[in-house]
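Residue numbers (my numbering): 905 to 1251. No residue lacks a Cβ here, since even glycine has one placed at the ideal position from N, Cα and C. To start, the structure itself, in structure tokens.
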């Protein structure tokens, strides 16, 4: 905030001075009677433009530039610099004969050639398949400061709305930095502003879970202000960012899970983790379950364990809305979870 105020004051002063000098020049050319209106008008205009636009041309531009650089892997950043230097060296050799051309071409062509070849060299060596430092430096996923790396945890919209990531982070097993790209926040805000009441509730829950993560977890949370990959869908953009930062994605979206795995991006599916951590029950074990409804087959009753596992009780339909002791007969594992089959405990 202070930096933006300083930028506004400095920018306003510089442009106001420029407007004043321009007004003086115009009055000298067109006549002294125009001195006051032109000087006052251009000074006020320069001051207004400086106060309004200076932060966008200085502080915010610098922040976006730093954010973009931080999201680039160190090896790719060094490859880009190397490509630019090589391009300048080639331009230097070609500029020697060009500089002997008389007139403005002898000055302009070497400069234009240097800019063009530096850009081409940086572009060519910045491509992933030509990253010359990829096998030399550890792929930390971000240039400068070591903010990238395999410890970058990228959350998608479904994982944020689901909310269980907050409980997972409190276990202490997740290490690193939670990274939330700005387009994920934009999608959450869009859902929270939806005209559909259910979608609106889901979006607001997601925003509440983000606040909970910030307040309760000890893992650093970083919002990545990112503006590229705009031509892709949100899921595809998230996968691309994860690949560039060498991080992994946390999601509950089955399709995103499969797409990311196909592209070699590690994924933590919260639903799969939940299923893997459910307690295993063996045939013959006893338990107490509350039957809440009748099953599909005649005489069956259905209840649920505390972790959400469905329990189908043979002959349990007459115990609806009652607790009963049962014995496990078998357990069925499905893609969506487990189903326990049981029968009433005798005696």
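Short of 8 Å from the beta carbon of residue 1226, and not among the five residues preceding or following it, lie these beta carbons of its own chain, in chain order: 1194, 1195.
The residue from 1113, 985, 1074, 1159 with its alpha-carbon nearest to that of residue 1084 is 1113.
Relative to residue 1000, the option among 989, 1015, 983, 986 whose CA is nearest is 1015. If you draw a 10 Å sphere on the C-beta of residue 1100, you find fewer than 16 other C-beta atoms in it, and that means exposed. Residue 1074: not part of any beta strand (DSSP E); member of the alpha helix (DSSP H) spanning 1068-1074, first to last residue. One Cα belongs to residue 1066, the other to residue 1110, and the distance between them is close to 7 Å. For residue 924, same chain residues with a beta-carbon under 8 Å away, outside a window of 5 residues either side, are 943, 946, 947, 950 in chain order. With respect to the C-alpha of residue 987, the residue from 1005, 1025, 1018, 1003 having the closest C-alpha is 1025. Residue 1029 is not a Cβ neighbour of residue 978, given a cutoff of 8 Å.
For residue 1010, the enclosing alpha helix (DSSP H) starts and ends at 1009-1030.
The alpha-carbon of residue 1245 is positioned some 43 Å away from that of residue 1150.
If the five residues before and after residue 1107 are omitted, its C-beta is found closer than 8 Å to the C-beta atoms of 1065, 1092, 1093, 1094, 1095, 1096, 1097, 1098, all from its own chain and listed in chain order. Residue pairing by DSSP places residue 1246 opposite 1217, 1232 in a beta bridge. The three-state secondary structure of residue 1187, taken from DSSP, is coil. Close CB contacts of residue 994 within its chain, under the 7 Å cut and outside five residues either way in sequence, are with 1021 (chain order).
With fewer than 16 other Cβ atoms from the protein chains shown falling within 10 Å of its own Cβ, residue 940 counts as exposed.
Rounded to whole angstroms, the Cβ separation of residue 1236 and residue 1247 is 15 Å, and the two are not in contact under 8 Å. Under the criterion of beta carbons closer than 8 Å, residue 1171 and residue 1165 qualify as touching, at roughly 6 Å. Within the DSSP bridge table, the entry for residue 941 names no partner. By alpha-carbon distance to residue 1213, the top candidate from 1141, 921, 1222, 1238 is 1238. Residue 1126: not part of any alpha helix (DSSP H); member of the beta strand (DSSP E) spanning 1125-1128, first to last residue. Burial state of residue 1211 is exposed, judged by a 10 Å Cβ sphere holding fewer than 16 other Cβ atoms. Residue pairing by DSSP leaves residue 1163 without any beta bridge partner.
Taking 8 Å as the upper bound for CB-CB distance, residue 1070 and residue 1120 are in contact here, some 7 Å apart. Taking residue 1162 as the centre and dropping the five residues before and after it, the same chain places no C-beta closer than 6 Å to its C-beta. The Cβ-Cβ distance between residue 1124 and residue 1082 falls below 8 Å.
By the criterion of a C-beta distance shorter than 7 Å, residue 1219 is surrounded in its chain by 1203, 1247, 1248, once the five residues flanking it on both sides are discounted. The criterion of a C-beta distance shorter than 8 Å is satisfied by residue 1060 and residue 1153. The beta-carbon distance between residue 1087 and residue 1057, rounded to whole angstroms, is 17 Å. This is too long to meet the 8 Å contact definition. The alpha-carbon separation between residue 1118 and residue 1128 amounts to approximately 15 Å.
If you check the CB distance, residue 1169 and residue 1138 do not come in under 8 Å. About 5 Å separates the beta carbons of residue 1010 and residue 1003, which is inside the 8 Å limit, making them a contact pair. For residue 1115, the enclosing alpha helix (DSSP H) stretches over residues 1101-1120. Exclusion of the five residues before and after residue 1126 leaves 1051, 1081, 1082, 1083, 1084 as the residues of its chain whose Cβ lies within less than 8 Å of its Cβ. By DSSP's assignment, residue 1081 forms a beta bridge with 1056.
Counting the other Cβ atoms within 10 Å of the Cβ of residue 1156 gives 16 or more, which makes it buried.
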